Amino acid sequence: MNAFAQLFSQYDIPGAFLVNIELTLWSALFSTILGVMLLLMRISPISSLRRIARGYVELFKNMPLTIIMVFMVLGVYAQLKLSFSTTFATNFFWLAITGLSLYTAAFVCESLRSGINTVPIGQAEAARALGLNFWQAATQVILPQAIRGSVAPLGNTFIALLKNSTVAAAASVATETSTMMSEMIEYHADLIVPIFLTFAFGYVILIIPFGALTTYLSNKLAVRR
Amino acid sequence: MSEQQEQQAAKIADPQGQDTHPLVELTHVEKHFGHLHVLKDINLAVNKGEVLVVVGPSGSGKSTMCRTINRLETIDSGDIRIDGKPLPQEGKELAALRAEVGMVFQSFNLFANKTILENVTLAPIKVRHMPKDEAENLAMDLLARVGVDSQAEKMPAQLSGGQQQRVAIARALAMKPKVMLFDEPTSALDPEMVNEVLDVMTELAHEGMTMICVTHEMGFARNVADRVVFMADGKILESGTPDEFFEHPKTDRAKDFLSKILTH
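Order-wise, the sequence lines are chains A and B. Numbering-wise (full-length UniProt numbering), the first sequence opens with residue 1 and increments by one. Numbering-wise (full-length UniProt numbering), the second sequence opens with residue 1 and increments by one.
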């Protein structure tokens, strides 16, 4: 117990978790926006848009996140000279969010697409038969049902996002949990087990309520047919 | 002949000044599903106010034909005209045409995320840009006509099949369509709910709505249809008044079909 007390007094562990939560929330927001756009492209009647969205999803879904994060720093920032802020920490924070969002958007798109598959084809046919255009049918009828049908896969995507936010270390976000953990191990090699337990259970405690919420919502919001 | 003369000639031929062209016209329509030839040289004309009932065995292409009329199925060749205008390709014009053609499906297809009232008001508001209160008044009138106005605030899944199908008819009527397509509207219903839907359709027919109904309800075909079309294997084999078709079928295929369904 002393070991834990020592670690918590010496390091701002809740603060580090907070950084991961912030990374997750921003990335969840942006990846949802991008993911919905990708989905609309994927189900649109225009074949070139469908191909672009499909190519994006295949590329980012199959690329390791670490490579994307390292590319954000070495490629986007160091080579292409694109930066969000002159303050180093802020810049890397937003580069990490960009990388996480680009990556997660592919999974958001796929989760929503699995939701689309729960919407019977007749719903779209009825909307079209009434004279609604693609956009109206998508926003009024298909997406509202698809989102409700994809709560469970979306929840899993965001759980994975929270855990993936630790890869922000690869984008030089110095204050988040996995960076802090490496640092702790370096200075407290004798406390490796308490250190692991602290972070492992930290994430479990964060994620269990979120998983429960997902299950609750997916039952509550299920479309009755 | 000048345009004026043409119009005069048309007036002489049709003293009420009605359009002389059929409201729905299919000429030499062909369609394949892969190797399956589902529609073979379909020629059909439906006049304004006419109630056409399409009967035939399963897989004869009658549903597919019905769905080609608002382009839910595309055709390989031939020509489909609604009110004299050829069916447009995808896009705005097609949406505008679909707004003029009401469709009722076998599986109702009420929007599961919207209330009964919203199901009926959605298209008038979004497509016709009707003010919300006007659309709601219209919807309540139509729902009252089909006898489900007391259910307006419920979700589709809370209604019986018969009620859902009546709402689907009201939803199509809210667009004030020129023609209504019914694609086996009672086939998914429990037997005791078939009549409540057929009653609404009969009433609609008596009000002068142009209707194309694909159905297995022979009683409806006999009593309400102006004309019965018999389809088998993708072809129209017979077309005539209900009396002609039911009492004096010409083809062996039709005789066989009728003997199978009318002996019980």
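Every residue gets a Cβ at the ideal spot worked out from N, C-alpha and C, and that includes glycine. Values in this document were obtained by computation on a predicted structure and should not be read as measured data.
- Rounded to whole angstroms, the separation of the alpha carbons of A/Thr177 and A/Ala5 is 17 Å.
- For the set A/Gln10, A/Asn20 and A/Glu58, the Cα lying nearest the Cα of A/Ala105 is the one of A/Glu58.
- Considering only beta carbons, no part of the stretch 134-145 of chain B lies closer than 7 Å to chain A.
- For A/Gln140, same chain residues with a beta-carbon under 8 Å away, outside a window of 5 residues either side, are Ala127 and Leu132 in chain order.
- Of all alpha-carbon atoms in B/Leu173, B/Glu192 and B/Thr215, the one lying nearest the alpha-carbon of B/Pro185 is that of B/Thr215.
- In the three-state reduction of the DSSP assignment, B/Phe105 falls in the coil class, being assigned neither a helical nor a strand state.
- Using a 10 angstroms sphere on the CB of B/Asn43, the tally of other CB atoms stays under 16, which defines it as exposed.
- Under the Cβ criterion of 8 Å, A/Val151 is not counted among the residues facing chain B.
- In terms of beta-carbon proximity, B/Glu90 lines the interface with chain A, with at least one pair separated by less than 8 Å.
- Residue burial is scored here from C-beta neighbours: A/Ile121 has fewer than 16 other C-beta atoms within 10 angstroms and is therefore classed as exposed.
- In the three-state DSSP reduction, B/Val197 falls in the helix class (H, G or I).
- Membership of B/Glu238 in the beta strand (DSSP E) is indicated by the continuous run Lys235 to Gly240.
- Per DSSP, reduced to three states, the secondary structure at B/Glu93 is helical.
- Taking all protein chains shown into account, B/Asn113 has 16 or more neighbouring C-beta atoms within 10 Å of its C-beta and is therefore buried.
- DSSP places B/Ala135 in the helix class (H, G or I) of the three-state scheme.
- With a cutoff of 8 Å on beta-carbon distance, A/Leu161 and A/Thr32 are scored as not near each other.
- In this chain, the beta strand (DSSP E) harbouring B/Phe182 covers Val179 to Asp183.
- Contact between B/Val179 and B/Leu143 fails: their C-beta atoms lie close to 22 Å from each other, not under 8 Å.
- In this structure, DSSP gives A/Val36 a helical state, which the three-state scheme calls helix.
- Around the beta carbon of A/Gln145, 16 or more other beta carbons sit within 10 angstroms, so the residue counts as buried.
- The beta carbon of A/Ser182 sits closer than 8 Å to those of Ala169, all from its chain and outside the five residues before and after it, given in chain order.
- For the stretch 132-218 of chain A, the continuous alpha helix (DSSP H) assignments of 4+ residues that do not extend past its boundaries occur at 134-137, 143-149, 151-164 and 177-187, in sequence order.
- With fewer than 16 neighbouring CB atoms inside 10 Å of its own CB, B/Asp256 falls in the exposed class.
- Cβ neighbours of A/Ser218 within its own chain (closer than 6 Å, five residues either side excluded): Val151 and Ala152.
- Distance between B/Phe33 and B/Gly78, taken at the CA atoms: about 16 Å.
- In chain order, Lys31, Gly61, Thr64 and Gly234 place their CB closer than 6 Å to the CB of B/Val38, counting only its own chain and leaving out the 5 sequence neighbours on each side.
- Here B/Pro86 carries a strand assignment [DSSP, helix/strand/coil].
- Unbroken alpha helix (DSSP H) stretches of 4 residues or longer found wholly inside the stretch 27-94 of chain B: 62-68, given in chain order.
- Annotation: B/Glu217 to B/His21 spans about 29 Å, alpha carbon to alpha carbon.
- Around A/Ile46, the same chain offers no residue with a beta carbon nearer than 8 Å, after the five sequence neighbours per side are excluded.
- Contact of A/Ala174 with chain B is not assigned, every C-beta pair being separated by 8 Å or more.
- For A/Arg224, the closest Cβ of chain B is nearer than 8 Å.
- Taking all protein chains shown into account, A/Tyr187 has fewer than 16 neighbouring C-beta atoms within 10 Å of its C-beta and is therefore exposed.
- At a Cβ-Cβ threshold of 8 Å, B/Leu23 and B/Lys40 do not count as neighbours.
- The DSSP-derived three-state label of B/Arg227 is strand.
- C-alpha of A/Arg54 to C-alpha of A/Asn62: approximately 12 Å in a straight line.
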